[in-house]
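Here is the structure we will look at.
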Amino acid sequence: MPAEPRVVPVPCSFGPTGGVVYAYYIDAPQPALIDTGVAASPAGTIEPALRNAGISLKDVRWILATHGHWDHIGGAHAARSLAGPEVTLALHQADAELLGSRQAHMRPDGYQALRFRYLDDPEGLKKQDALIMENLSGEMRADRELQGGEHISLGGDISIEVVHTPGHSPGSVSFVLSGLDWAFTGDSVQVCGSSGIPLYAEPITYGKSQKALLEDVRPRRLHMGHRFKALDGGAFESVIDGPTVERAIRDSLAIHERMAAAAREVGSFDPANPTAAALAPAAAALGLPEDPAAWPSPLFITLHGHLAARAAATA
Ligand SMILES: [Zn+2]
Ligand SMILES: [Zn+2]
């Protein structure tokens, strides 16, 4: 078994509501940074934290993005500028557009806009678009676009296998340290999300990814992008070990089932004309309050995915 590298978790604040996203530095002969926080994170949070640990972004040879959401790649351009000239930034090809274009985060039919379309709230959408703009540090191409299945050597006997775990986003991956079975999953394992509702755009691939992690990858340690809520109302820390890993993934599968059941409570539904009223039976089944404005944003995105999949299957 390879020696266990030091992993430095760096919590990065983002957004107006106290969000925290974790970047991880893997201290290998060719050091890797998993995710980059938002635009201000590399200079404001990550580099100071690494300096405290006696290391620096300048040493980083790999910037590995778990997926293309702005809280994870917002700092990519800034981190790449602070890293050495030999750095390679890698991201799955299915999320590459989110790195290449700010506009790709703001599509009127994109996942970020769904809540505001359901609530018919164009002003709210404008505010959110402005927030996303200021949290993306630049537009760029990945040095290497991933497909899943790659092995990336970090030098010595430390290497990473790229496992495509889509669902949360199409290009979500898990980076797994070979021989140690430590997985860096970003948002691929949502458990019950940050709000009690998991966020995934593609319900079918999401379920398959949870099963693949549970049955095939079987990680011994998870490094997640956020702290996520557990099914019993508790919370999982961002780094979990041993039997807690299996419990988190089983919780993810259980809440996925619960979301599917809630979606079945929704009657006729036109994905082109989403209204909050249409989702009310599902929200009630999940124990949410009556006022749609109080529903967490992932409710709209995740239910929309279930309903769109149903519409596609019956079309
Ligand atoms: Zn995400
Ligand atoms: Zn995230």
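Reading the sequence shown from the start, the letters are residues 552 to 866 in the working numbering. Idealized CB from N, CA, C, for every residue including glycine.
Inset, instruction - State yes or no: is the C-beta of G776 nearer than 8 Å to some heavy atom of ligand 2? - result: yes
Legend entry - Whole-angstrom distance between H656 and L765, CA atom to CA atom: 30 Å
Inset, instruction - Give the DSSP-derived three-state secondary structure of M552 in the structure shown. - result: coil
Inset, instruction - Using the DSSP secondary-structure output, state which residues sit across from I614 in a beta bridge. - result: L584, L640
Inset, instruction - Pick helix, strand or coil for M657, following the three-state DSSP scheme. - result: helix
Inset, instruction - Drop a sphere of 10 angstroms on the beta-carbon of S688, count the other beta-carbons inside from all chains shown, and report buried for 16 or more, exposed for fewer. - result: buried
Legend entry - Pair within 9 Å by beta-carbon distance, W621 and T639: no
Inset, instruction - Specify the secondary structure class of M775 as computed by DSSP and reduced to three states. - result: strand
Inset, instruction - Report the rounded CA-to-CA distance for S564 versus N686, giving the unit in angstroms. - result: 11 Å
Legend entry - Distance CB(R666)-CB(D660) smaller than 9 Å: no
Inset, instruction - Please find out if some non-hydrogen atom of ligand 1 comes closer than 8 Å to the beta-carbon of S720. - result: yes
Inset, instruction - With DSSP collapsed to three states, give me the class of A693. - result: coil
Inset, instruction - Out of V790, S760, E797, P754, state which residue places its alpha-carbon closest to the alpha-carbon of E808. - result: P754
Inset, instruction - Check each candidate in S725, K780, S729, D767 and name the one with the smallest Cα separation from H774. - result: S725
Legend entry - Burial state of G700 (16 or more Cβ within 10 Å): exposed
Legend entry - Where H855 falls, given that 16 or more other Cβ within 10 Å makes a residue buried: buried
Inset, instruction - Specify, as a first and last residue, the run of the beta strand (DSSP E) that D708 falls within. - result: Careful: D708 lies outside any beta strand (DSSP E) and carries neither H nor E.
Legend entry - Meets three-Cβ-pair contact criterion under 8 Å: the stretch 796-806 and the stretch 757-764: yes
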